[in-house]
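A.B. asks:
Residue numbers (full-length UniProt numbering): 1 to 348.
#1: Rounding to the nearest angstrom, what Cα-Cα distance links residue 275 and residue 262 in this structure?
#2: One question on the structure: do residue 189 and residue 195 come within less than 8 Å of each other, judged by their Cβ atoms?
#3: Check whether the region 52-59 touches the region 71-79, taking contact to mean three or more Cβ pairs, one atom from each stretch, closer than 8 Å.
#4: If you drop the 5 nearest sequence neighbours on each side, which residues of the same chain put their C-beta closer than 7 Å to that of residue 113?
#5: Rounded to whole angstroms, what's the CA-CA distance from residue 162 to residue 96? Just pull it up for me.
#6: Taking 8 Å as the cut-off, does the region 264-284 touch the region 170-185 (at least 3 CB pairs, one atom from each stretch)?
#7: Starting from the Cα of residue 219, find the closest Cα among 314, 238, 29 and give me that residue.
#8: In angstroms, rounded to a whole number, what distance separates the CA positions of residue 130 and residue 148?
#9: Using only the alpha-carbon positions, how far apart do residue 138 and residue 192 sit?
#10: Taking only beta-carbon atoms, is residue 254 less than 8 Å away from chain D?
#11: Do you know how far the Cα of residue 182 is from the Cα of residue 10?
#12: At what residues does the alpha helix (DSSP H) containing residue 85 begin and finish?
#13: Quick one: Cα of residue 64 to Cα of residue 256, how far?
#14: Measure how close the beta-carbons of residue 145 and residue 315 come, nearest whole angstrom, since I'm counting them as under 8 Å.
#15: How many angstroms separate the CA atom of residue 356 from the CA atom of residue 348?
#16: Hey, which unbroken runs of the beta strand (DSSP E) at 3 residues or more fall wholly within the region 256-304?
#17: Taking Cβ to Cβ, would you say residue 242 is nearer than 8 Å to residue 234?
#18: Whose C-beta lies closer than 6 Å to the C-beta of residue 213 among residues of the same chain, with five residues either side of it excluded?
#19: So is residue 265 buried or exposed if we call it buried at 16+ other beta carbons inside 10 Å?
#20: Given this structure, state the Cα-to-Cα distance separating residue 232 from residue 321, to the nearest angstrom.
#21: What residue does the alpha helix (DSSP H) around residue 46 start on, and which one ends it?
#22: Expressed to the nearest angstrom, what Euclidean distance is found between the alpha-carbon atoms of residue 166 and residue 294?
#23: Can you check DSSP and say which residues form a bridge with residue 239?
#24: Helix, strand or coil, according to DSSP, for residue 72 in the structure here?
#25: Go ahead and label residue 7 buried or exposed: buried means 16 or more other beta carbons lie within 10 angstroms of its beta carbon, across all protein chains shown.
#26: Would residue 98 pass as a contact of residue 108 if the rule is Cβ separation under 8 Å?
#27: What does DSSP give as the partner residues of residue 53 in its beta bridges?
#28: Hey, out of 141, 123, 160, 178, whose CA is closest to residue 150's CA?
What follows is the structure, encoded as structure tokens:
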């Protein structure tokens, strides 16, 4: 069998009901750039980048944990990622898919690559917060960010499989999704891993890696990803994990967020998990400088200041109870909805 390259477009691929080959796609791209709406222009740019003579495309990282930067991503690695997703989620040529993510970022670009390579019958819509409004089409596969999933709970009865990524999912959304007939998965990944390299069923604890990926951890207990078909070098993350085996892990939190309070190490994400059903606004916990403890635990809540019921802390260990509570009227976030903890803290 010939190697699948970025020059291939699977002959089952459809975009908004039309069979399109490589030449057709380039014509559509020019039309999008010249006459399209804002979200279509970025698609046009991506299609032309994908079919040019370069073996790579340039991507913007989201800037969640540092300054956003531009990296070069090998097109063949993106194809390998699409094939791994197809294997893991059992996607077949002709499967109906909905594309509702911004193409400016890797997740939106990769939905198109999956379409070209796997031969999906893809509906492409504007990346709004209500992507399935007035749409009763039945879909085999959909990818969304948590806000889109939250706003599509009624319509998701028409979706067989969905993946949710890009930002942390709230406990209440997880509970709502677990009650649906849709097979839902939370994904784990980053721009450098070409979107997800692992997924876990909604409500599950452990992430399972996609085909051709092995995992380990370093001496900090942070995840190390060995994905030779995606990256020539091993990817060392700052994500603390509990490693079950070389194919499964439990995500604990980011090492950058760990708080050292009087010699006790606290992982914010674990405390947030315990509080997730008790605080109904967006929030996070973090460390702020303290003369006695070095760092003290603080709770930051989005919204106007209010009287807080102290019983919400009853399920926390002694050291996990916040020493101070701050209110911020509106959280600063990246364009794809991730909270910028450090910037918010600097403002406080």
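Ideal Cβ positions, reconstructed from N, Cα and C, are used throughout, including at glycine. Quick caveat: nothing in here was measured; it's all calculated off a predicted structure.
C.D. replies: According to the data block:
#1: The alpha-carbon atoms of residue 275 and residue 262 are separated by roughly 22 Å.
#2: Taking 8 Å as the Cβ cut-off, residue 189 and residue 195 qualify as a contacting pair.
#3: Taking 8 Å as the limit for Cβ pairs, the verdict is that the region 71-79 does touch the region 52-59.
#4: Cβ neighbours of residue 113 within its own chain (closer than 7 Å, five residues either side excluded): 78, 79, 82.
#5: Each residue's alpha carbon lies about 12 Å from the other.
#6: As far as the Cβ criterion goes, the region 170-185 touches the region 264-284, which means the pair count is three or higher.
#7: If we check each option's Cα against that of residue 219, 238 comes out closest.
#8: C-alpha of residue 130 to C-alpha of residue 148: approximately 6 Å in a straight line.
#9: A straight line joining the alpha-carbon of residue 138 with that of residue 192 spans about 32 Å.
#10: Among the chains of the structure shown, chain D does not appear; only one protein chain is present.
#11: Distance between the alpha carbons of residue 10 and residue 182: 27 Å.
#12: Note, residue 85: alpha helix (DSSP H), 75-88.
#13: Low per-residue confidence applies at residue 64: pLDDT is 49, beneath 50, and the placement is therefore not dependable, though the value from the model is reported in the following sentence. Going by the C-alpha atoms only, they are around 12 Å apart.
#14: That pair is no contact at about 28 Å.
#15: For residue 356 there is no data in the structure shown, the boundaries of the chain being 1 and 348.
#16: Counting only runs of 3 or more, we get 259-261, 264-266, 283-290, 294-302.
#17: No. Outside cutoff.
#18: For residue 213, where only same-chain residues beyond five positions count, the Cβ hits under 6 Å are 197, 227.
#19: Residue 265 is classed as exposed because its beta carbon has fewer than 16 other beta carbons within 10 Å across all chains shown.
#20: Annotation: residue 232 to residue 321 spans about 43 Å, alpha carbon to alpha carbon.
#21: Per DSSP, the unbroken alpha helix (DSSP H) holding residue 46 starts and ends at 38-50.
#22: In a straight line, the C-alpha of residue 166 is about 32 Å away from that of residue 294.
#23: When beta bridges are read from the DSSP output, residue 239 appears opposite 254.
#24: In the structure shown, residue 72 sits in a strand (DSSP, three-state: E or B).
#25: By the 16-neighbour rule on beta-carbons within 10 angstroms, residue 7 is exposed.
#26: Cβ distance not < 8 Å, so residue 98 and residue 108 don't count as in contact.
#27: Its beta-bridge partners do not exist; DSSP assigns none.
#28: Answer by Cα proximity: 178.
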